[in-house]
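Under this note's numbering, residues 5 to 780 are what the sequence shown spells out, in order. Below is one structure, written out as structure tokens; comments come after it.
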Amino acid sequence: MNLTLIFQISVYCLIALSSFMFMLAEGGLFPQLLTIPLGLITLFFTDRWHKFSLSPLWANILGLVAFLIVCREFVANIEGRLLAGAHFLVYLTWIILLQKKGDTQYWWLFALGFLQIAVGAVLTESGYYGILLVIYLFLAFWSLTVFSIYRTDKTFASQSEESLPPLPRTTVATSIASPFHRPSQVQDGIQSDQSRKWITAEFIWSSIGCSISALIISMCFFLLIPRLWVNRSFFNNETLEAEKQPLVGFAEKVQLGEMGEILESSERVMEVTIYDNQTDEAVPVMDFVRKYGMEEPLFRGAVLSTYENGSWSRFRRHTQYGLPNSRELEKYGIKDLYRQEIVMESIGTNVLFVLQPVVGMDMTGKTENFFNEDTLEIRQTDPPEMDGNTRYTVYTAKKLDENYLMNNLDLENEYLQLPERDLRRLIKYTQQLIASHPELKTDEAKAKFLESHLRDSGEFSYTLNMSIVDPEIDPVEDFLFNRKAGHCEYYASSLALMLRAIKIPTRVISGFKGGDTSYLSNRFEVQQRYAHSWVEAFVNGHWETLDATPSLERAEMVAQSAASLSSWKGVSKFFSQFWTDYVIGVSFQRQKAAFYDPLLQAGKKIGKRLLDIRTTTVAMFQSVKKFLSSPRRWFSWEGAAAVFIIAGLFFGLKWLGQVLIRFFRKLFAQDQDQANKMRSAQIAFYERFQKLLARKGMIRKQAETQQEFSRHVKTDLKRELTQAHLDDYPDEIARLYYQVRYGDHPLEPDQSHDVDQKLTALETILTEQEKAAVKQ
């Protein structure tokens, strides 16, 4: 395969990839799909076989037609106008593909393909597009590199025919083994050697290495340059309001039988990191939860108190004040705190989810919090748009009594409301169940008993199936007496209504239960599949948390919906999340939280540890060991820092090595000069060889290599070399010259003696021929 064909195939592969990526981003087949077969056709019929091509006149006419077509598409919203411009790029690509190509046309193909990639990046947030971008980088780097040597080869070939005069001796016709081989000549500082190829393994690996280096350097710049541009919603002509976004998993208004499979979505809701506010040391979420008496993290959200026709809704009561911020807490003398740093994605609600208990809150941005002291429900004034997020910090006092506690019962009738006409069977069943256990004396004991009855009796099971056996009765009664299987909303609703049947105030809490540590950010991540509902009952002067959902069955269901990295679904989700979080959705706030702040904290810790060398050394080795044994930390700020440190050490050592090399070269300059003199003396054998041949009129030209010159010598002096028994000796002389001149390997004494003898023998033969010629 020759160089031109390799270059043309590289260009058309690049064009096909850019068209495929644009097609993937837009979600349609036309017109991008036609680029791929058209490129294949023009590769052979236009570029290889020269069967047809567009003239400049027809190219201009088709360009005008394409412009008119685009003008029709341009009358639309901003996305339609963007697509119209992108389709114009596709049409121009078709026109250039059909033309006879020179350097200018190839540059246009590169530029048009790149512009299609840029438009596709605006249209999609798919992680697959990010993977294809990396492939495009490698292919583009390869194509441009091959284009460079293609232009060099073409320039050399066009000049070499008229730059060199014919040789004054017999030229040997030799067959060229490969189309890459070229006669070795020098033009404008460029040398083409017949014994070398343009495309070699060394060239391929160098191109790959440069592409990897470019990728790493660009990633470093991308991660560290602050993101201060406008949000992507700037390009949306029809921005949806947050409250109109469809919800998956969490809902403020629970409608039994219409919730859907709420635990199947793996979309992220929030990321949570907990710190000791005094020391800035990270506190594991599970440790924090256990400290305050919970078995699993319960992120409290909406408080629902009104039940009617299978639907729970909240009692709307306006609150005019927010939680104290950090400055106010300091004024109140509350300093011993835990700090929950939460980043919540927009999921169509103004509810803020927190781990109880709380004592204060700081909000980031223009939004503010407002707090209901009766229900301890927290909301924000200005929820973000559909592609935004909310950042807030929740403070929890280490002393429990300094927090807002759930011990206030206001509007008791609201929490005892019960549609008795619709729930007669439930009320009767509950009262009979409690009456059959006279040992239950307190409200707390009765509440715990009903919770255990629903969760542990084995009579009820957990399922995501929303089927209804009897639509004529209340969904809760259908669950208790017919299906006896349902998800958390049914268990929470049943427990809340059964407790109200025995005059215990209750409310349903809609939020999230559980979570996992993210592989990317190493933070505690809560996804939609952890959406959950539970009950709070007012017993013994406070609100007691009760959860009647079978925990084991729910945990199994949640685990089944998780995407493991060992599966293609998990790997796909991992890359999609990485692309969304750290490429498309990266903002200055995310950079600050993910890179700048951790690096600043790490710098402070390093500064303290440097005071003790021994402690620093031990801690450093322990940190490296933990880092290498935890792959999820490779994709965090620590991984980025490790890349910088390794790259810095590599280039630092390289620079130090170069400095040492220069130092030792100067130090041993005298010995080097002496060695050069010896080398020059040893290369004198080749000068002697050339002088002998000059006597026969054979002079090596400047553009001719020693190896090529030896081939001509073997042909023109074949008879003389045979008489001296030196048939292949010119090749040996060239090899020894390369060894001494470029290999820095001086001749051994026996080699020098052998060269001298054979040159003397050649000189004798040539002298005898000269004498014989004179006599004649």
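Even for Gly, the Cβ is constructed at its ideal location relative to N, Cα and C. Quick caveat: nothing in here was measured; it's all calculated off a predicted structure.
Item checked: Pick from THR771, GLY352, GLY337 that is closest to PRO406, judged by C-alpha positions -> The sequence as given places Glu at residue 406; Pro does not occur at that position. It is GLY337.
Checklist line | Alpha carbon of THR385 to alpha carbon of LEU603, nearest angstrom | finding: 32 Å
Note to self: Threshold first: 3 residues or longer. Then list the beta strand (DSSP E) segments lying entirely within the region 436 to 513, N to C.
What the structure shows: none
Next item on the list: Tell whether a beta-carbon distance below 8 Å holds between MET365 and TYR342.
Entry: no
Notebook entry, point to check: Can you name, in chain order, every residue of its own chain whose Cβ lies under 6 Å from the Cβ of ARG558, other than the five neighbours on each side?
Noted result: TYR466
Next item on the list: Would you tell me roughly how many angstroms separate the C-alpha atoms of GLU247 and ILE351, rounded to the nearest one?
Entry: With a pLDDT of only 37 at GLU247, under 50, the local geometry of the prediction cannot be trusted, and no value is derived from it.
Next item on the list: Grab the span of the beta strand (DSSP E) containing TYR396 for me, first residue to last.
Entry: 393 to 401
Check: Three or more beta-carbon pairs under 8 Å between the region 746 to 759 and the region 713 to 720, yes or no?
Finding: no
Margin query: Check this for me: beta carbons of GLU540 and THR549, under 8 Å apart or not?
Written below: yes
Checklist line | Sub-8 Å separation of GLN344 and LEU359 beta-carbons | finding: yes
Checklist line | Simplified DSSP state of ASP284, which is helix, strand or coil | finding: coil
Next item on the list: Pull up the DSSP beta-bridge partners for TRP668, would you.
Entry: With the sequence shown as reference, residue 668 is identified as Phe, and Trp is not the correct amino acid for it. Its beta-bridge partners do not exist; DSSP assigns none.
Notebook entry, point to check: So which of LYS609, ALA218, THR379 has the shortest CA-CA distance to THR283?
Noted result: LYS609
Margin query: Can you tell me whether LYS700 is helix, strand or coil according to DSSP?
Written below: coil
Checklist line | LEU96 beta carbon less than 8 Å from that of VAL15 | finding: no
Next item on the list: Could you tell me whether the Cβ atoms of LEU420 and PRO509 are closer together than 8 Å?
Entry: yes
Checklist line | Beta-carbon proximity check, VAL530 vs VAL276, cutoff 8 Å | finding: yes
Item checked: Proximity of TYR746 and ILE687 at Cβ, strictly below 8 Å -> no
Note to self: The beta strand (DSSP E) that contains ASP366, what's its start and end?
What the structure shows: 364 to 367
Margin query: Distance check for ILE703 and VAL759, CA to CA, integer angstroms please.
Written below: 20 Å
Item checked: Three CB pairs or more closer than 8 Å across the region 691 to 705 and the region 717 to 725 -> yes
Notebook entry, point to check: So what does DSSP say about GLU389, is it helix, strand or coil?
Noted result: coil
Next item on the list: If I'm right that LEU7 touches ASP157 with Cβ under 8 Å, what's the distance once you round it to whole angstroms?
Entry: 6 Å
Check: Which runs of the alpha helix (DSSP H) fall wholly inside the region 82 to 160 and span at least 4 residues, in chain order?
Finding: 82 to 101, 107 to 127
Next item on the list: Could you name the residues of the same chain whose beta carbon sits closer than 6 Å to that of ILE208, not counting the 5 residues immediately before and after it, in chain order?
Entry: none
Checklist line | Run of the beta strand (DSSP E) containing PHE303, from where it starts to where it stops | finding: 302 to 308
Notebook entry, point to check: For PHE143 versus LEU21, is the C-beta distance shorter than 8 Å?
Noted result: Looking at the sequence shown, residue 143 is not Phe but Leu. Closer than 8 Å, so yes.
Notebook entry, point to check: Residues in its own chain within less than 6 Å of LEU413 by CB, not counting five upstream and five downstream?
Noted result: PHE542
Next item on the list: Rounded to whole angstroms, what's the CA-CA distance from MET223 to CYS214? Just pull it up for me.
Entry: 14 Å
Next item on the list: Answer with buried or exposed for TYR154, where buried requires no fewer than 16 other C-beta atoms within 10 angstroms of its C-beta.
Entry: buried
Check: Between LEU18 and SER152, is the Cβ-Cβ spacing less than 8 Å?
Finding: no
Check: Is TRP547 helix, strand or coil when you go by DSSP?
Finding: strand
Note to self: For ASP520 and ARG459, I'd like the C-alpha separation in whole angstroms.
What the structure shows: 24 Å
Next item on the list: Identify the continuous beta strand (DSSP E) that holds SER317 and give its terminal residues.
Entry: 315 to 317
Notebook entry, point to check: Between the region 371 to 381 and the region 296 to 309, do at least 3 Cβ pairs fall closer than 8 Å?
Noted result: yes
Next item on the list: Taking the CB atoms as reference points, tell me whether ILE506 and GLN436 lie closer together than 8 Å.
Entry: no
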